[in-house]
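*Asks:* First the structure, then my questions, so here it is.
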Amino acid sequence: MDLDLPVLNVSGSILFFNRLSYQAANGKLLVDDVSVNIKAGQMLAVMGPSGAGKSTLLDLMAFRKMPMDAATVSLNGHLLVPKSMYSISSFVEQEDALLGVLTVRETVAYALRLHLPLLSRTTVASRVNRVLATLGLQSCADQIIGTPISRGISGGQKRRVTAACAMVTFPRILFLDEVTSGLDSTSAREVMSAIRTLAEAEGMFVIATIHQPSLETLGQFTDLLMLSQGKICYSGKVDDLERFFERWGRPVPRFKTPAEHAMNFLNEDFQTDPDSGSGDAASLRAFYLSTLNDSHASLENLNLNMKAIPQFDQDVDVYEEKLGKAGWGGKLFWNTMVLSERTTINYIRNLLAYGVRLGMYIGMGLMIATIWIRLGLRDSTINDRLSIHFYSVAFLAFMSVAGIPSFLEERAVYYRETKNGLYTTLPFVLSNTLVNIPFLFLCTLSFTLICYWAVGLHSGGNAFFRFLAFLLLAITAAESQVLVVAAILPVFVAALAIGSFIKSRSLPRFWYYSFHYMDYQRYAFELITNSDLRGLTFQCEKTSSGSCTCAYPSSTPDSCTVSGDDVLDYLDIRGISYASWVGIMVSIIVIYRIALYYALRLRSQ
1 MDLDLPVLNV SGSILFFNRL SYQAANGKLL VDDVSVNIKA GQMLAVMGPS
51 GAGKSTLLDL MAFRKMPMDA ATVSLNGHLL VPKSMYSISS FVEQEDALLG
101 VLTVRETVAY ALRLHLPLLS RTTVASRVNR VLATLGLQSC ADQIIGTPIS
151 RGISGGQKRR VTAACAMVTF PRILFLDEVT SGLDSTSARE VMSAIRTLAE
201 AEGMFVIATI HQPSLETLGQ FTDLLMLSQG KICYSGKVDD LERFFERWGR
251 PVPRFKTPAE HAMNFLNEDF QTDPDSGSGD AASLRAFYLS TLNDSHASLE
301 NLNLNMKAIP QFDQDVDVYE EKLGKAGWGG KLFWNTMVLS ERTTINYIRN
351 LLAYGVRLGM YIGMGLMIAT IWIRLGLRDS TINDRLSIHF YSVAFLAFMS
401 VAGIPSFLEE RAVYYRETKN GLYTTLPFVL SNTLVNIPFL FLCTLSFTLI
451 CYWAVGLHSG GNAFFRFLAF LLLAITAAES QVLVVAAILP VFVAALAIGS
501 FIKSRSLPRF WYYSFHYMDY QRYAFELITN SDLRGLTFQC EKTSSGSCTC
551 AYPSSTPDSC TVSGDDVLDY LDIRGISYAS WVGIMVSIIV IYRIALYYAL
601 RLRSQ
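Quick note on numbering: the UniProt record's numbering labels position 36 of the sequence shown as 36, and the sequence is numbered without any gaps.
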C-alpha cells in the first residue's frame with residue numbers, strides 16, 4: 001500500500017529556539033540562554049570546542065533533554081511540544097548503533113518501513129535508492145555493516161548509513177550530532193553537500209554540531225552558531241564570519257580557515273599566550289553582543305513579529321494521521337511484523353545470537369549421551385539421572401548469557417530508533433519474544449534428540465515430549481531473565497543453585513519462602529525429575545550376605561527395589577501438579593517479559 005505523504009507547508013518558514021538553558025545536577029549551566037533561528041531549506045552549524053555544550057544544545061532543541069522553564073521552541077509563532085517535534089524530526093547521534101549482519105540497503109529500508117509500515121516495497125526501494133545515492137552509499141549498498149567476525153563497511157560509511165536511516169524517513173527537521181566524525185575532508189564535504197541538496201529540495205531544517213570543519217565543509221552551511229562554555233559567541237551567516245573578525249580587529253590570517261581562527265578564541269582550556277588572544281571567548285562574546293542592534297538585540301522580538309501560518313498546524317495533524325493511518329493497533333501490528341522479520345534475519349546470520357549456543361547445546365548433548373549412556377534401572381544410577389536432570393536445566397539455562405552480546409547490539413539500535421519515533425517499546429518486546437521461541441525450541445530439540453534416548457531416560461513418547469516442553473520453558477525463562485538484566489546493565493554475572501544441591505525442607509526459612517519459590521530452575525528440575533522417575537522401579541544392590549541395600553529409602557524393602565516415587569518422596573517433590581508448575585513457569589516468563597518492557601522503556605526515557 002502506498003501513502004500519499006503530505007509535504008508540510010514549511011516554505012519560507014522559520015524555526016525558532018528561544019532562551020534554551022540547561023543546568024546539570026551539580027548546578028553548572030551547560031547551556032546558558034541560547035536563542036537562534038533557522039529558515040526552511042537552510043542548514044545551521046553549531047560549532048565549539050569539546051565541552052562547549054554543542055550536544056547538550058542539540059538535545060534541548062530536539063526535546064531529548066527538557067530545557068529550563070523560560071525556553072520555547074516555535075515554528076512560525078506556533079509552539080512545538082515534544083510530541084510534535086518527535087513526529088516531524090529525526091536525530092543522528094554520535095554513536096553508530098547498527099545491526100552488523102544487515103546490508104546497508106536493508107538497514108536503511110527497515111528504518112523507513114518501521115516509520116511508515118504501510119508503504120509499498122516499490123516506494124520503499126525508490127526512496128532508499130535516492131537517499132543512498134545522495135549520500136554516496138550505492139557502491140556499498142549490498143555490503144553488510146560488519147561484525148567482530150565479519151568485516152563490513154568503513155567507519156565513515158557507517159556514519160553515512162546512520163545519517164541515511166534518519167533522512168529516509170521524510171523528516172522535516174534533521175538534527176545531526178557530529179555527523180562528519182570519522183570522515184575525511186572530501187567525504188565530509190560531499191556528505192554535507194548532499195544533505196544540503198536534500199534539505200533545499202524538501203524544505204528541511206538541518207541543524208548539525210560540528211567540531212572543526214574544513215573551509216569547504218563549513219561552506220555547505222548557511223548559518224553558524226558558535227558556543228563556548230554554553231554561551232553564544234557568534235550567531236549569523238557563515239559568509240559573514242570573516243567580516244565579523246575583521247570588525248573585531250582580529251582578521252583571519254592567511255593560510256588559516258575561519259573555523260580554525262574561531263577555535264583559537266573559543267577554546268579556553270589552553271591559554272598559554274595571553275598576547276595571542278588564545279582562549280579569549282569572553283572578549284569574543286562581548287564583541288558579538290555589542291554588534292546586536294536594537295532591532296534584534298532580543299531575539300524574542302523575532303518570535304513575536306513572525307507571521308503565523310495557521311495551515312501548518314493542520315498539516316502536522318494530517319502528517320501524523322498519515323504516519324499512523326492504520327490506528328494504534330494497526331501500527332503496533334505492522335511494527336511488530338517488520339521487527340520480527342528483521343530480528344529473524346539478524347538471528348539467522350549472527351552466530352553470536354544463537355549459532356554459538358546451538359553448537360554448545362549439541363556439544364553438551366553429546367557429552368551427556370557418551371558419559372551416561374544406557375543407564376538402565378539399577379538404583380546406583382538414580383543419582384546419575386538426577387545429575388542429568390540438573391545439568392540439562394542448569395547448563396542450558398546458564399548458556400543463555402551467550403546471547404547477551406547480540407542483545408546489547410539490538411538494545412543500542414532500539415534506543416536510537418525509539419528516540420527517533422520509529423516505534424515504541426511494546427512491538428520491540430513482542431517481536432523479540434515471538435522470534436526467540438522458535439530459535440530456543442531448535443536449541444532445546446537438538447539437545448534432547450541427542451541425549452534423551454541415548455541415556456535411557458523414561459521410555460515412551462509422552463515422557464520425551466514432557467522433557468522437551470519442560471526444558472523449553474526453563475530456557476525461555478532463563479532467556480527472559482538474562483534479557484531483563486542486559487536491558488539494565490551491560491554485563492550479566494549470576495550464579496544459581498537448585499534443589500539437587502539441598503532438599504527444600506533443609507533450606508533456611510528466608511530462602512525457602514522467597515527465592516526458592518521464585519526460581520524457575522527449581523520448577524523445571526522438579527518437573528523433569530517427576531516426569532522421568534514416576535512409574536519406574538529400580539533394582540537395589542545385594543550384599544555378599546544376601547541382604548538388600550538401597551541408595552534411597554524404599555517403601556518395599558522386601559522386594560529389594562526402590563521406586564521412583566520413593567526417590568521423589570525423599571527429595572520432597574513427589575505429587576506436584578504438572579499443570580500448576582507449568583502455569584507458574586509461564587507466569588515467571590510473562591513477569592520477566594513485562595519487566596523487560598519497563599526496563600527498556602525507563603532506560604530509553
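Cβ atoms here follow ideal geometry from the backbone N, Cα and C, with glycine treated the same way.
I404 lies in the alpha helix (DSSP H); which residues open and close that run?
*Replies:* Counted from its first residue, the sequence shown places residue 404 at position 404. That run of the alpha helix (DSSP H) goes 404–419.
*Asks:* Do the region 373–385 and the region 539–559 touch if we need at least three Cβ pairs shorter than 8 Å?
*Replies:* Touching, yes.
*Asks:* Buried or exposed, going by whether 16 or more other CB atoms sit within 10 Å of the CB of I588?
*Replies:* Walking along the sequence shown from the start, residue 588 turns up at place 588. Looking at its Cβ environment, which holds 16 or more other Cβ atoms inside 10 Å, I588 is buried.
*Asks:* Enumerate in chain order the residues of its own chain whose CB-to-CB distance from Y415 is below 8 Å, with the five nearest sequence positions on each side excluded.
*Replies:* In the sequence shown, residue 415 corresponds to position 415, counting from 1. For Y415, where only same-chain residues beyond five positions count, the Cβ hits under 8 Å are A97, R603, S604.
*Asks:* Can you tell me which of the three DSSP states V36 falls into?
*Replies:* Position 36 of the sequence shown holds residue 36. If DSSP states are grouped into helix, strand and coil, V36 belongs with the strands.
*Asks:* Let me confirm a value: L600 is counted as buried when at least 16 other C-beta atoms fall within 10 Å, else exposed. Which label applies?
*Replies:* Here residue 600 corresponds to residue number 600 of the sequence shown, with the count starting at 1. Buried: at least 16 other Cβ atoms inside 10 Å.
*Asks:* Answer with yes or no whether the minimum CB distance from L377 to chain B is below 8 Å.
*Replies:* No chain B is present in this structure, which holds just one protein chain.
*Asks:* Of all the beta strand (DSSP E) runs that stay within the bounds of the region 516–595, which reach a length of 3 or more residues?
*Replies:* Those beta strand (DSSP E) runs which fall completely within the region 516–595 and span 3+ residues are 537–539, 561–563.
*Asks:* Since I believe Y354 is in contact with F439 (beta carbons under 8 Å), could you give me their beta-carbon distance rounded to a whole number of angstroms?
*Replies:* By 1-based counting over the sequence shown, the position of residue 439 is 439. By 1-based counting over the sequence shown, the position of residue 354 is 354. At roughly 5 Å, the Cβ-Cβ gap stays under 8 Å, so F439 and Y354 are in contact.
*Asks:* If you drop the 5 nearest sequence neighbours on each side, which residues of the same chain put their C-beta closer than 8 Å to that of I475?
*Replies:* Taking the sequence shown and counting its residues from 1, one reaches residue 475 at position 475. The residues are L396, A397, S400, L440, C443, T444.
*Asks:* So which of V34, T433, N530, G546 has the shortest CA-CA distance to L225?
*Replies:* For the purposes of this step, residue 225 is taken as the residue at position 225 of the sequence shown. Looking at the Cα atoms, V34 is the closest of the given residues.
*Asks:* Return the bridge partner residues of K237 from the DSSP annotation.
*Replies:* Here residue 237 is taken as the residue at index 237 of the sequence shown, counted from 1. In the DSSP output, where bridge partners are listed per residue, K237 has D223.
*Asks:* Have a look at K231, V252, Q229 and flag the residue whose alpha-carbon is nearest the alpha-carbon of D240.
*Replies:* Translated into the one-based positions of the sequence shown, residue 240 becomes position 240. Comparing Cα-Cα distances from D240 to each of K231, V252, Q229, the minimum goes to V252.
*Asks:* How far does the beta strand (DSSP E) with V19 in it reach, from first residue to last?
*Replies:* Position 19 of the sequence shown, counted from the first residue, corresponds to residue 19. Here residue 19 turns out to be Arg, not Val, going by the sequence shown. Per DSSP, R19 belongs to the beta strand (DSSP E) from 14–23.
*Asks:* Below 8 Å on the Cβ atoms is my contact criterion, and I expect L176 with V206 to pass it. Report the Cβ-Cβ distance as a whole number of Å.
*Replies:* Sequence index remark: in the sequence shown, residue 176 carries index 176 (1-based). Sequence index remark: in the sequence shown, residue 206 carries index 206 (1-based). Contact flag correct, Cβ pair sits at about 7 Å.
*Asks:* Measuring alpha carbon to alpha carbon, tell me which residue in N18, L75, G230, G535 is nearest A281.
*Replies:* Residue numbering aside, residue 281 sits at position 281 when the sequence shown is read from its first letter. The shortest Cα separation from A281 among N18, L75, G230, G535 belongs to G230.
*Asks:* Using the beta-carbon count (16 or more within 10 Å), is T134 buried or exposed?
*Replies:* Here residue 134 is taken as the residue at index 134 of the sequence shown, counted from 1. Flag for T134 reads buried.
*Asks:* In whole angstroms, give me the CA-to-CA distance for L183 and R189.
*Replies:* Translated into the one-based positions of the sequence shown, residue 183 becomes position 183. Translated into the one-based positions of the sequence shown, residue 189 becomes position 189. So the two alpha carbons sit approximately 9 Å from each other.
*Asks:* Once DSSP output is grouped into helix, strand and coil, what is the label at M68?
*Replies:* In the sequence shown, counting from the first residue as 1, residue 68 sits at position 68. Coil, per DSSP.
*Asks:* Just to confirm my understanding: we take residue 629, look at its own chain, exclude 5 residues before and 5 after, and list those with CB closer than 7 Å. What are they?
*Replies:* This structure does not reach residue 629, given that the chain is present from 1 up to 605, and the question cannot be answered.
*Asks:* W372: buried (16+ other C-beta within 10 angstroms of its C-beta) or exposed?
*Replies:* Stepping through the sequence shown from its first residue, residue 372 is reached at position 372. So W372 counts as buried.
*Asks:* Would Y523 and I437 qualify as a contact pair, given that the criterion is a beta-carbon distance under 8 Å?
*Replies:* Within the sequence shown, the letter at position 523 stands for residue 523. Within the sequence shown, the letter at position 437 stands for residue 437. No, Cβ-Cβ distance for Y523 and I437 is not below 8 Å.
*Asks:* For the region 193–210 against the region 46–53, do three or more pairs of beta-carbon atoms, one drawn from each stretch, fall closer than 8 Å, so that the two count as touching?
*Replies:* Touching, yes, given that three or more Cβ pairs across the two stretches are closer than 8 Å.
*Asks:* What are the start and end residues of the alpha helix (DSSP H) that includes L44?
*Replies:* Taking the first residue of the sequence shown as position 1, residue 44 is located at position 44. It is not in any alpha helix (DSSP H) - L44 instead sits in the beta strand (DSSP E) that spans 43–47.
*Asks:* Does the region 550–558 come close enough to the region 419–431 that 3 or more CB-CB pairs lie under 8 Å?
*Replies:* Segments in contact, no.
*Asks:* Who pairs with I207 in a beta bridge, going by DSSP?
*Replies:* Here the question's residue 207 lines up with position 207 in the sequence shown. In DSSP, I207 forms a bridge with L44, F175.
*Asks:* Within its chain, find whatever has a CB closer than 7 Å to the CB of I591; leave out the 5 residues flanking it on each side and keep chain order.
*Replies:* Counting from 1 along the sequence shown, the entry for residue 591 is found at position 591. Once the five neighbours on either side are set aside, I591 has no close Cβ partner at all.
*Asks:* How many Å lie between V36 and S480 at the Cα?
*Replies:* To locate residue 36, count along the sequence shown from 1; it is residue 36. To locate residue 480, count along the sequence shown from 1; it is residue 480. Straight-line Cα distance between these residues: approximately 47 Å.
*Asks:* Compute the beta-carbon to beta-carbon distance between N350 and T147, rounded to the nearest angstrom, for a pair I have assumed lies under 8 Å.
*Replies:* Here the question's residue 350 lines up with position 350 in the sequence shown. Here the question's residue 147 lines up with position 147 in the sequence shown. Right, their Cβ atoms sit about 7 Å apart.
*Asks:* Just to confirm my understanding: we take G564, look at its own chain, exclude 5 residues before and 5 after, and list those with CB closer than 8 Å. What are they?
*Replies:* In the sequence shown, residue 564 corresponds to position 564, counting from 1. Correct list, in chain order: D532, L533, R534, G535, L536, T537, F538.
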